[in-house]
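Asker:
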Amino acid sequence: DGGITQSPKYLFRKEGQNVTLSCEQNLNHDAMYWYRQDPGQGLRLIYYSQIVNDFQKGDIAEGYSVSREKKESFPLTVTSAQKNPTAFYLCASSMKAGDEAFFGQGTRLTVV
Amino acid sequence: AQSVTQPDIHITVSEGASLELRCNYSYGATPYLFWYVQSPGQGLQLLLKYFSGDTLVQGIKGFEAEFKRSQSSFNLRKPSVHWSDAAEYFCAVVQGGYNKLIFGAGTRLAVHP
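Order-wise, the sequence lines are chains C and L. Just so you know, this note's numbering puts the end of the first sequence at 1441, numbered straight through with nothing missing. Just so you know, this note's numbering puts the end of the second sequence at 127, numbered straight through with nothing missing.
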């Protein structure tokens, strides 16, 4: 089945540690996105990539990093520089930037 | 910068009643507009989208939305709500020139039996 897979579903880390969230899609989509969701704030864009080997910062990129070495993969690293990393993270992809986006099931990150 | 406003944080309706969720955007040109729905702890599912053409668009699960350029609005409607419609609803817009998909803060819908 085609779709977007985020792993793991739940992730716990100690404060000060970097952590990488996985996002894989087999939809042959060019564009991929990472969003952070906090209660009452909707989805805020962290990074997006319109094509492989290229990505742009979103509205809240500080403390995060990404790579897009393969078309199907767009991993997000939450670094120790992110002041408040506990949140629900959603990955999405679209055929091309600006098209309807398809979402993964999310990863809930808790930093203790 | 382009923005999306959903004025209602929470809405409660009775099952069988009609529903309208509001969405306003700020952008000069005609944007691409979307409505998504999210069940607790899950990803988002597309309900409908507007790119151009007929300003009344039909979506899945009996939802529809109307694009009104004069009001910069894209309100979501359903004539008769079912208990299974209880969820959080997000309006989104593509920011032209940057191709960023920007979301509103969401409206949480509760349905009373």
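Using N, Cα and C, we set each Cβ at its ideal position, and we do this for glycine too. All of these numbers come straight from a predicted model, not from anything done at the bench.
1) How many angstroms separate the CA atom of L/Glu-102 from the CA atom of L/Gly-120?
2) Determine the burial state of L/Thr-26: buried for a count of at least 16 other Cβ atoms within 10 Å of its Cβ, exposed for fewer.
3) Give, in chain order, every residue of the region 1374–1396 of chain C whose Cβ lies closer than 9 Å to some Cβ of chain L.
4) Let me see if you follow: with CB-CB separation under 9 Å, is L/Lys-92 close to chain C or not?
5) Distance, Cα to Cα, C/Gly-1435 vs L/Val-71?
6) Examine chain L for any beta-carbon lying closer than 9 Å to the beta-carbon of C/Ala-1430, and answer yes or no.
7) Please report the straight-line C-alpha distance between L/Gln-20 and C/Leu-1372, rounded to a whole angstrom.
8) Among the residues of its own chain, which have a CB less than 6 Å from the CB of C/Val-1395, if the five just before and after it don't count?
9) Would you report the Cα separation of L/Arg-122 and L/Ala-100, rounded to the nearest angstrom?
10) Have a look at the DSSP bridge pairing and note the partners of C/Leu-1438.
11) C/Lys-1425 by DSSP, collapsed to three states: which one?
12) Would DSSP call C/Lys-1400 helix, strand or coil?
13) Determine the direct distance from the alpha carbon of L/Gly-76 to that of L/Arg-36, and round the result to whole angstroms.
14) In chain C, which residues lie with their C-beta within 7 Å of the C-beta of L/Gly-120?
15) Quick check on L/Ile-74: does DSSP put it in helix, strand or coil?
16) Relative to chain C, which residues along the region 36–61 of chain L have a C-beta separation below 9 Å, given in chain order?
17) Using a cut-off of 7 Å between C-beta atoms, extract the partners of L/Lys-114 located in chain C.
18) The region 1399–1433 of chain C: which residues have C-beta closer than 7 Å to a C-beta of chain L, in chain order?
19) Would you call C/Lys-1399 buried or exposed, if buried means 16 or more other Cβ atoms sit within 10 Å of its Cβ?
20) Under three-state DSSP, which class holds C/Ser-1351?
Answerer: This is what the structure holds:
1) 6 Å
2) exposed
3) Leu-1374, Tyr-1377, Gln-1379, Gln-1385, Gly-1387, Asp-1388
4) no
5) 28 Å
6) yes
7) 13 Å
8) Tyr-1376, Phe-1384, Leu-1405
9) Going from the Cα of L/Arg-122 to the Cα of L/Ala-100 covers about 8 Å.
10) Residue pairing by DSSP places C/Leu-1438 opposite C/Leu-1340, C/Ala-1416 in a beta bridge.
11) coil
12) Three-state result, C/Lys-1400: coil.
13) 17 Å
14) The contacting residues are Gly-1371.
15) Three-state result, L/Ile-74: helix.
16) Tyr-46, Phe-48, Tyr-50, Gln-52, Gly-55, Gln-56, Gly-57, Leu-58, Gln-59, Leu-60
17) Those are Leu-1374, Tyr-1377, Gly-1387, listed as they occur along chain C.
18) Leu-1419, Ala-1426, Gly-1427, Glu-1429, Ala-1430, Phe-1432, Gly-1433
19) exposed
20) C/Ser-1351 carries a strand assignment under DSSP once its states are collapsed to helix, strand and coil.
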